[in-house]
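One structure below.
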Ligand SMILES: C[S@@+](CC[C@H](N)C(=O)[O-])C[C@H]1O[C@@H](n2cnc3c(N)ncnc32)[C@H](O)[C@@H]1O
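In my numbering, the protein residues as written are 15 to 331.
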């Protein structure tokens with residue numbers, strides 16, 4: 015099956031969604047701010063040329079009965095209605111809603127744009143075994159190696175630096191912010207990295223629907239949006255149900271590493287992670303900052319504002 019077919023998981027019948035996620039989990043929580051960003055010429059170039067090789071669209075329609083065409087890919091070459099297995103969305107299905115064309119970074123495929131080409135569905139690694147099955151990470155990266163999931167990779171500098179310093183592991187970055195995705199694509203090419211892939215969309219959908227249990231060596235959540243207002247705490251990435259979900263995709267002994275410059279969120283993270291029965295903390299509370307975690311833009315911002323940086327490193331039992 016091709017990447018296009020993978021994207022068609024958006025149209026997988028409700029039975030599959032029901033199988034992988036109990037109904038109470040299906041309420042969608044947005045942990046990210048919808049934000050627009052300018053795409054420089056360099057970014058557009060990176061998206062056009064590199065997305066077909068390194069990019070993976072997370073379908074947005076995994077709610078039972080909701081079918082949407084793929085509108086998630088930031089590159090111009092997105093929906094391939096002629097791909098095998100593609101079928102038009104069932105607009106009469108209960109819960110169907112029109113694609114979110116106002117989503118940040120979304121733009122209609124411009125097939126007349128110079129340099130546009132159809133996605134290379136034969137590119138190595140871009141396949142998943144079966145319609146509706148989780149991603150085949152071995153096929154995705156073209157080898158069998160431990161996989162690190164980088165949630166909210168931002169502009170991608172930290173992901174690229176870690177992947178370059180850690181060639182024995184594969185890095186799957188997931189981000190919704192198109193300029194950040196484009197920047198990481200460009201960095202991947204510039205540094206000749208072969209162990210980076212970039213998923214565009216909601217990390218929670220990726221983990222819930224497309225990653226099998228016991229798939230990840232580590233999950234990184236570096237400087238997730240703090241959502242400081244109490245009424246927004248429900249949007250935080252690190253909360254009990256999300257932690258249980260992330261932990262279920264780790265291999266036994268695998269690492270969940272969070273970092274934040276927001277003291278109150280750090281405290282809440284510590285409570286939540288400590289309360290998860292499947293996780294163990296090798297530290298008394300906060301971890302020492304590991305040398306392998308590069309300083310990120312958001313960390314620099316926090317430090318400049320005089321905030322302490324907290325690392326939390328837990329392992330799956
Ligand atoms: C505060 S920034 C931190 C970026 C980067 N980790 C750093 O330290 O510079 C948080 C990032 O997480 C992304 N994000 C938040 N929730 C997400 C989700 N559910 N799926 C994918 N990306 C998400 C946001 O778009 C944003 O770029």
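Virtual Cβ for every residue (Gly too), placed ideally from N, Cα, C. These numbers come from a predicted model, not from an experiment.
Alpha-carbon to alpha-carbon, residue j and residue i
i, j, result
"residue 61", "residue 149", "22 Å"
"residue 230", "residue 190", "20 Å"
"residue 63", "residue 193", "15 Å"
"residue 331", "residue 226", "18 Å"
"residue 309", "residue 205", "18 Å"
"residue 242", "residue 54", "31 Å"
"residue 320", "residue 254", "29 Å"
"residue 174", "residue 312", "16 Å"
"residue 65", "residue 171", "17 Å"
"residue 307", "residue 147", "32 Å"
"residue 301", "residue 151", "29 Å"
"residue 246", "residue 45", "9 Å"
"residue 49", "residue 198", "18 Å"
"residue 153", "residue 183", "14 Å"
"residue 299", "residue 202", "35 Å"
"residue 297", "residue 284", "11 Å"
"residue 59", "residue 161", "27 Å"
"residue 179", "residue 282", "31 Å"
8 Å Cβ shell around residue i - same chain, five flanking residues per side excluded
i, result
"residue 287", "252, 257, 270, 272, 293, 295, 326 and 328"
"residue 47", "239"
"residue 290", "254, 257, 258, 261 and 328"
"residue 159", "182, 183, 184 and 209"
Contacts around residue i, its chain only, beta-carbon distance under 6 Å, and the 5 residues preceding and following it disregarded
i, result
"residue 228", "265"
"residue 13", "Limits of the chain in this structure are 15 at one end and 331 at the other, which puts residue 13 out of reach."
"residue 188", "165, 213, 217 and 220"
"residue 57", "193 and 196"
"residue 177", "185, 207, 209 and 210"
"residue 224", "148 and 149"
"residue 324", "274, 280 and 300"
Exposure of residue i, with buried meaning 16 or more beta-carbon neighbours within 10 Å
i, result
"residue 317", "exposed"
"residue 267", "exposed"
"residue 304", "exposed"
"residue 277", "exposed"
"residue 98", "Confidence in residue 98 is poor, its pLDDT being 36 and thus under 50, which makes the residue's placement unreliable; the coordinate value appears in the next sentence. That one is exposed."
"residue 155", "buried"
7 Å CB neighbourhood of residue i in its chain, flanking five on each side removed
i, result
"residue 181", "209"
"residue 43", "248 and 249"
"residue 262", "227"
Residue closest to residue i, alpha-carbon to alpha-carbon, out of the options
i, options, result
"residue 222", "73, 237, 153 and 161", "73"
"residue 167", "235, 50, 67 and 304", "235"
"residue 332", "172, 289, 175 and 185", "Nothing about residue 332 can be reported from this structure: the residues present for the chain run from 15 to 331 only."
"residue 275", "322, 301, 302 and 281", "322"
"residue 68", "200, 45, 297 and 183", "200"
"residue 314", "155, 299 and 237", "237"
"residue 279", "244, 290 and 297", "244"
"residue 52", "169, 297 and 224", "169"
Closer than 7 Å: residue i CB and nearest ligand 3 heavy atom
i, result
"residue 174", "Ligand 3 is absent from the structure shown, which contains only ligand 1."
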